[in-house]
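Student: Just so we're aligned: 265 in our numbering is position 262 of the sequence shown, and the numbers increase by one with no gaps anywhere.
Mind looking over this structure? Questions follow.
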Amino acid sequence: MTQSREEHIMIPEADLDGVSVDTLAVRAGQHRTGELEHSDAIFPTSSFVYGSAAQAAARFGGEEPGNIYSRFTNPTVKAFEERIAAMEGGERAVATASGMAAILATCMSMLQSGDHVVCSRGVFGTTNVLFQKYLARFGVSTTFVGLTDMDGWRDAVTGNTRMLFIETPSNPLCEVADMSALAELAHAHGALFVVDNCFCTPVLQRPLEFGADIVIHSATKYLDGQGRCVGGVVVGSASLMEEVYGFLRSAGPTMSPFNAWVFHKGLETLPIRMRAHCENALQLARWLEQQSAVEKVYYAGLESHPQHQLACRQQSGFGGVLSFTVRGGQAEAWAFIDATRMVSITANLGDVKTTITHPGTTTHGRLSPDDKALAGITDNLIRLSVGIEALEDLKNDMKRGLQALQN
Ligand SMILES: Cc1ncc(COP(=O)(O)O)c(C=O)c1O
Numbered sequence: 004m005t006q007s008r009e010e011h012i013m014i015p016e017a018d019l020d021g022v023s024v025d026t027l028a029v030r031a032g033q034h035r036t037g038e039l040e041h042s043d044a045i046f047p048t049s050s051f052v053y054g055s056a057a058q059a060a061a062r063f064g065g066e067e068p069g070n071i072y073s074r075f076t077n078p079t080v081k082a083f084e085e086r087i088a089a090m091e092g093g094e095r096a097v098a099t100a101s102g103m104a105a106i107l108a109t110c111m112s113m114l115q116s117g118d119h120v121v122c123s124r125g126v127f128g129t130t131n132v133l134f135q136k137y138l139a140r141f142g143v144s145t146t147f148v149g150l151t152d153m154d155g156w157r158d159a160v161t162g163n164t165r166m167l168f169i170e171t172p173s174n175p176l177c178e179v180a181d182m183s184a185l186a187e188l189a190h191a192h193g194a195l196f197v198v199d200n201c202f203c204t205p206v207l208q209r210p211l212e213f214g215a216d217i218v219i220h221s222a223t224k225y226l227d228g229q230g231r232c233v234g235g236v237v238v239g240s241a242s243l244m245e246e247v248y249g250f251l252r253s254a255g256p257t258m259s260p261f262n263a264w265v266f267h268k269g270l271e272t273l274p275i276r277m278r279a280h281c282e283n284a285l286q287l288a289r290w291l292e293q294q295s296a297v298e299k300v301y302y303a304g305l306e307s308h309p310q311h312q313l314a315c316r317q318q319s320g321f322g323g324v325l326s327f328t329v330r331g332g333q334a335e336a337w338a339f340i341d342a343t344r345m346v347s348i349t350a351n352l353g354d355v356k357t358t359i360t361h362p363g364t365t366t367h368g369r370l371s372p373d374d375k376a377l378a379g380i381t382d383n384l385i386r387l388s389v390g391i392e393a394l395e396d397l398k399n400d401m402k403r404g405l406q407a408l409q410n
C-alpha cells in the first residue's frame, strides 16, 4: 500500500501556532518519510503509483487526497508551498515554473476578456510586456499609473476593473506604495489587489496584512538567495488559490521538484540573509549618497526617500536593492559598471552575491522610450542588488566605478 502524504507529517501544525516568521521559515511545511530524515526529502518523480485501480480512480476523482502526477501534485513542491504560505500568512500557495508564470497564472485564472487591470508603471519590464502585449491580445486591457499617484489610481479605475497590480518597493526605483489605500480602492470596486512582494519577501513585509488578496513572488530572487533556480509562487485565500491551481493543472507552468527543494531550503536562511542584505544596502546607500559623481540614490531606507515614513510603517527592513544615477548618461553608467571588479554584471537580483545592472538596456530594455521615461528609467540609472559580502569590499568596488567617471 502507498503511504498517504498525511502520514508523512511528523510535526503537528499546532506546534507552530503563534511562532515568528523566522521560525516558520525553518519549521513550516516539513514532511518526513518513514526514513525519518532530518533534512527534507526530494521527490523527483513524474507520477505516483496506487495500491489498486480503485484507489487510482478515487485519486483522480478527488474522493481520496494524495499524489497523482507532478504537473499538479508533488510532495516537494507541496512542502515549499506550505512553508511560503505560512510565512506570508496566506491560506494556500501555488508554486509555478517562474515568477512570470506566477503572474500569468494569476491573470489567466482571475481575468477574462473585457476585464481591465490597473498596474503601476514601476514594475519589472517583462510584467509590463505581459500586460501590454500578450494579455491585450486576449481582450484584457491595462492602464499604467504612477505607483504613488493615488489620484491617478482613482482616475484609472473603471467599471470593468478587476485587478490592481503593484510591486512595492518597485523595481528598480524602490518607490513604495500605500498598500492599505490601494486595497481599499480595489475592494470598493470589486477588484482584486495583487502585490509582487519580490523585493521585501515575507520577512520584511506581508502584503496580505495590508489588505492584498494575492501575493506573488519570483522565487528566483531572495527565496532561493543563491541564484540557482528559476521559480515563482502565488499566495492567497484557499478559494482564490483553487482557481490558480486549476489553471496550473490545465496549463502546466509547474515548478520542478528539484527547484522546489532548493527554494524550500533557501527559505530556511531567508530571515538571516534579509537582515544582512538590509544592513549592507542601507550603509552602501548612505555612502553612495555622499559621492559627488552620484546624482541621486533611490532607497527607501534613506531619510531623503519620499516614502521613507510609509516604508517604516509597512516594512520591517528596506531590502537589498537600491538604484542610483551617475552624473552623465549611458556611457558614464556603463563605464561605472565596467570598472567594477568584484560585483557581478548580471540582471538577476536577490542573490548573496552583489549584482549590478543597467536597467535601461537590460531588464527594462524592451520598454518604449516613452514608457521608460514615464517609469523613470533613465540612461544614467544603475541598479545594485546588494549582497552579503563585507561592506568595505563592496565600497572598494564601487570606488573603482566612481574612479572611472573621473577619468
Ligand atoms: C519584481 C519581479 N517580479 C517578477 C519577476 C519575474 O520573475 P522570473 O524571472 O522568476 O520569471 C522579476 C524578475 O526579475 C522581478 O524582478
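Heads up, the beta-carbon is just placed ideally off N, CA and C, and yes, glycines get one too.
So, at 7 Å on beta carbons, what are the nonlocal neighbours of residue 271 in its own chain, with the 5 sequence-adjacent residues on each side left out?
Tutor: 28 and 29.
Student: Pull the bridge partners of residue 297 from the DSSP assignment, please.
Tutor: Paired residue(s): 329.
Student: Report, in whole angstroms, the separation of the C-beta atoms of residue 213 and residue 317, which I expect to be a contact under 8 Å.
Tutor: Indeed they touch by this definition, with Cβ atoms about 6 Å apart.
Student: Please say whether residue 173 and residue 126 have beta carbons closer to each other than 9 Å?
Tutor: Yes, Cβ-Cβ distance for residue 126 and residue 173 is below 9 Å.
Student: Skipping 5 residues on each side, what residues in its chain have a beta carbon closer than 8 Å to that of residue 9?
Tutor: For residue 9, the predicted structure reports a pLDDT of 48, less than 50, and the residue's modelled location is therefore unreliable. A value from the coordinates is still provided. Counting only Cβ-Cβ distances below 8 Å, and skipping sequence neighbours, we find 68.
Student: Could you tell me the distance, in whole angstroms, from the CA atom of residue 162 to the CA atom of residue 121?
Tutor: Whole-angstrom Cα-Cα distance: 12 Å.
Student: State the DSSP-derived secondary structure class of residue 287, mapped to helix, strand or coil.
Tutor: In this structure, residue 287 counts as helix in the three-state DSSP scheme.
Student: Output the distance between the C-alpha atoms of residue 265 and residue 158, rounded to the nearest integer angstrom.
Tutor: Cα-Cα distance, rounded: 43 Å.
Student: Measuring alpha carbon to alpha carbon, tell me which residue in 341, 355 and 354 is nearest residue 400.
Tutor: Ranking 341, 355 and 354 by Cα distance to residue 400 puts 341 first.
Student: For residue 17, which three-state DSSP category applies?
Tutor: Confidence at residue 17 is low in this model, with a pLDDT of 49, below 50, so its placement is unreliable and the value that follows should be read with caution. Three-state result, residue 17: helix.
Student: Excluding the 5 residues preceding and the 5 following residue 393 in the sequence, name in chain order all residues of the same chain whose CB lies nearer than 8 Å to its CB.
Tutor: Around residue 393: no qualifying Cβ.
Student: Tell whether a beta-carbon distance below 9 Å holds between residue 208 and residue 355.
Tutor: Result no, Cβ atoms of residue 208 and residue 355 do not sit closer than 9 Å.
Student: If residue 245 and residue 113 are in contact, beta carbons under 8 Å, what's the gap, nearest whole angstrom?
Tutor: The pair is not a contact, with the Cβ atoms about 12 Å apart (cut-off 8 Å).
Student: Please confirm if the segment 135-152 is in contact with the segment 187-198, defined as three or more CB-CB distances below 8 Å between the two stretches.
Tutor: Touching, no.
Student: Got a sec, what are the start and stop residues for the beta strand (DSSP E) residue 108 sits in?
Tutor: First-last for residue 108: 102-113, but that is the alpha helix (DSSP H), not the beta strand (DSSP E).
Student: Please confirm whether residue 385 and residue 329 have their CB atoms less than 9 Å apart.
Tutor: Yes, Cβ-Cβ distance for residue 385 and residue 329 is below 9 Å.
Student: Would you tell me roughly how many angstroms separate the C-alpha atoms of residue 131 and residue 370, rounded to the nearest one?
Tutor: Rounded to whole angstroms, residue 131 to residue 370 spans 8 Å at the Cα level.
Student: Determine the DSSP secondary structure at residue 238, reduced to helix, strand or coil.
Tutor: It is a strand residue.
Student: State buried or exposed for residue 63, treating a residue as buried only when at least 16 other CB atoms are found within 10 Å of its CB.
Tutor: Result: exposed.
Student: Looking only at DSSP bridge pairs, what is residue 166 linked to?
Tutor: DSSP, once it has assigned bridges, lists 120 and 195 as partnering residue 166.
Student: Does the distance from the C-beta atom of residue 267 to that of residue 407 stay below 9 Å?
Tutor: No, these two residues do not count as a Cβ contact at 9 Å.
Student: What did DSSP end up calling residue 247 once you bin it into helix, strand or coil?
Tutor: Here residue 247 sits in helix by DSSP.
Student: Can you find the residues in the same chain that come closer than 6 Å, C-beta to C-beta, to residue 72, ignoring five residues on each side of it along the sequence?
Tutor: Cβ within range, chain order: 50.
Student: With three or more C-beta pairs closer than 8 Å as the rule, is the segment 29-45 touching the segment 77-94?
Tutor: Enough Cβ pairs lie closer than 8 Å, so yes.
Student: Report the three-state DSSP secondary structure of residue 209 (helix, strand or coil).
Tutor: In this structure, residue 209 counts as coil in the three-state DSSP scheme.
Student: Which whole-angstrom value is the C-beta distance of residue 216 and residue 197, which I expect to be below 8 Å?
Tutor: Indeed they touch by this definition, with Cβ atoms about 7 Å apart.
Student: Mind checking residue 359: buried by the 16 CB within 10 Å criterion, or exposed?
Tutor: With 16 or more Cβ atoms within 10 Å of its Cβ, residue 359 is classed as buried.
Student: Out of 42, 45 and 108, state which residue places its alpha-carbon closest to the alpha-carbon of residue 254.
Tutor: Cα-wise, what sits closest to residue 254 is 108.
Student: Are at least three pairs of beta-carbons, each pair with one atom in the segment 273-293 and one in the segment 219-237, less than 8 Å apart?
Tutor: A contact exists between the segment 273-293 and the segment 219-237.
Student: Pop quiz: residue 291 and residue 300 are said to be a contact at Cβ under 8 Å. What is the actual Cβ separation, rounded to whole angstroms?
Tutor: The pair is a contact, with the Cβ atoms about 5 Å apart (cut-off 8 Å).
Student: Regarding residue 233 and ligand 1, is the C-beta to nearest heavy atom distance less than 8 Å?
Tutor: Yes, since a heavy atom of ligand 1 falls inside the 8 Å radius drawn around the Cβ of residue 233.
Student: My output table needs one value for residue 393: the three-state DSSP class, helix, strand or coil.
Tutor: In this structure, residue 393 counts as coil in the three-state DSSP scheme.
Student: What residues match up with residue 95 in a beta bridge as DSSP calls it?
Tutor: In the DSSP output, where bridge partners are listed per residue, residue 95 has 239.
Student: Near residue 24, what residues of its chain come up, given a Cβ to Cβ distance below 7 Å and the 5 sequence neighbours on each side ignored?
Tutor: Cβ neighbours of residue 24 beyond the five flanking positions: 90, 205, 206 and 274.
Student: Spatial neighbours of residue 103 within its chain, please: C-beta separation below 8 Å, excluding the five flanking residues on both sides.
Tutor: Excluding sequence neighbours, residue 103 sits near 129, 130, 133, 221 and 235.
Student: With residue 175 and residue 326 assumed to form a contact (beta carbons below 8 Å), what rounded beta-carbon distance in angstroms separates them?
Tutor: Yes, they are in contact, since the Cβ atoms of residue 175 and residue 326 sit about 5 Å apart, within 8 Å.
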